[in-house]
Structure formats: structure tokens, C-alpha cells
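So the sequence shown is residues 1 to 184, counted in full-length UniProt numbering.
Glycine included, each C-beta is placed from N, C-alpha and C at the ideal position.
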Amino acid sequence: MTTLENRPNTALVVIDVQNGVVAQAHERDAVVANVASLVDRARVEQVPVVWVQHNDEELPRESEEWRIVPELSRADDEPLVEKTYLDSFEDTTLESVLAGLEVGRLVVAGAQTDACIRSTLHGALVRGYDAILVADAHTTEDQSEWGAPPPDQVIAHTNLYWKYQTAPGRTGGTVETKDVDFAG
Numbered sequence: 001m002t003t004l005e006n007r008p009n010t011a012l013v014v015i016d017v018q019n020g021v022v023a024q025a026h027e028r029d030a031v032v033a034n035v036a037s038l039v040d041r042a043r044v045e046q047v048p049v050v051w052v053q054h055n056d057e058e059l060p061r062e063s064e065e066w067r068i069v070p071e072l073s074r075a076d077d078e079p080l081v082e083k084t085y086l087d088s089f090e091d092t093t094l095e096s097v098l099a100g101l102e103v104g105r106l107v108v109a110g111a112q113t114d115a116c117i118r119s120t121l122h123g124a125l126v127r128g129y130d131a132i133l134v135a136d137a138h139t140t141e142d143q144s145e146w147g148a149p150p151p152d153q154v155i156a157h158t159n160l161y162w163k164y165q166t167a168p169g170r171t172g173g174t175v176e177t178k179d180v181d182f183a184g
């Protein structure tokens, strides 16, 4: 139900599953395995996989921290969007990549739940996309020393509020990895 015209396709958007981002993440291995499963399924179903990779002073380009985790590999023909802001749309090529693929519906996975995932989900919805969060394929590290809830609660809360997210002509929602339907 995207409000974007001529955008019938779905894409899997994998956000910041990088060594330095998920090294201390909650249930890291399980989440990375779920993301790998989604990538494999998307490829089999010929659904575009769009990779988003953050870089900044803590994740300098080409550093080990910046690299995608070794359990995942981007195919040469899969778009890579580099970003420096939390919202994957801000000052990046993401919108033009999605437009070129005629994508109006996003299936989102990756890290970190309380930063780049939330920002990108909201950014997608306000830009006219349907944005589905894969409930067991996103994670964050423990930020409780700065006043955040423990990571399992951050993830649960994000899943709860995004499950019911809508806007005129657009939908949010959550789904478990095993139940992802790329056909919509």
C-alpha cells in the first residue's frame, strides 16, 4: 500500500551488520543467523537485497570495525549504501537505489535497534514506504549505563510499537524471520 507511484517491489534492507556495530550486541549470533537466512531467501526469491553500511570516526571506512560481519557477504550486484547519519535515507543514495528497483515496500533487519533501525523505519514511513521490521533480526548493545533500558527491553518495545505503526496509505508492522513474505 505504499504511497509511492510505480513502486510494486519489495527489498530486504540490511542495516549496519558490521563488526564494530554488532560486536557486543544482544543475541548477536542468533540475529546474524536470522539476517543470513533472510538474505538467502531474498536471493532465491529474486528480491533485491540492499546493504547499508555506516562510517564515521568510530567506524572508519575500510577498518575492521567498518566491515560487514564475516557470516554475511554482499553479492557484487547488490547495492551498497554508505551513510553517516542514523536514518539510512539522510544524505545517501538509498532513495535513488530503491527508485531504480521500483521498491515501495521495505523489509528491515540489522542494527542498532534504538538508533539506525528506528530512524530508518520512521524515515521510510514518512517518505511513503511501507516498512516491515523483522522482529527477531535486529539488535542493539547494552546502553543502560546511559539510562536506556536493557537491550532485550529496547528490542521488545520497538517490536511492540512498530507492530501497530501506520500512516495514511502506508503500513509498518513486524514479522518473525520464519514468517517473512517478500511478496507482500
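query: Between V22, E27, S88 and L121, which lies nearest to Y161 when the distance is taken from Cα to Cα?; result: L121
query: Do T177 and N34 have their C-beta atoms closer together than 7 Å?; result: yes
query: To test your reading of the DSSP string, which unbroken alpha helix (DSSP H) runs of 4 or more residues are found completely within the region 26-74?; result: 28-44
query: Between the Cα of A23 and the Cα atoms of M1, A124, G110 and E95, which residue gives the shortest distance?; result: G110
query: For L101 versus A124, is the C-beta spacing smaller than 7 Å?; result: no
query: Quick check on the burial criterion: 16 or more other C-beta atoms within 10 angstroms. Buried or exposed for K163?; result: exposed
query: Kindly indicate which residue of R127, P70, A75 and D76 has the alpha-carbon position closest to the one of V98.; result: Sequence check: residue 98 is Leu here, not Val. Among R127, P70, A75 and D76, the Cα nearest to that of L98 belongs to R127.
query: If you drop the 5 nearest sequence neighbours on each side, which residues of the same chain put their C-beta closer than 8 Å to that of S63?; result: G20
query: When you compare each of Q18, T10 and M1 to Q46 by their alpha carbons, which one comes out closest?; result: T10
query: Where does Q53 land, buried or exposed, given buried means 16+ other C-beta within 10 angstroms?; result: buried
query: Using the C-alpha atoms, what's the distance from D40 back to F182?; result: 12 Å
query: Drop a sphere of 10 angstroms on the beta-carbon of P8, count the other beta-carbons inside from all chains shown, and report buried for 16 or more, exposed for fewer.; result: exposed
query: Would you tell me roughly how many angstroms separate the C-alpha atoms of S119 and E58, rounded to the nearest one?; result: 19 Å
query: Can you give me the C-alpha to C-alpha distance between P151 and A167, rounded to a whole angstrom?; result: 27 Å
query: Since A156 is in the alpha helix (DSSP H), which residue starts that stretch and which ends it?; result: P151 to K163
query: Judging by CA-CA distance, which residue of L94, F89, A137 and V32 is the nearest neighbour of V69?; result: V32
query: Could you check how far apart the C-beta atoms of T113 and T158 are, in whole angstroms? I think they sit under 8 Å.; result: 5 Å
query: Please determine, among W66, I15, E82 and A42, the residue with the shortest C-alpha to C-alpha distance to G184.; result: A42
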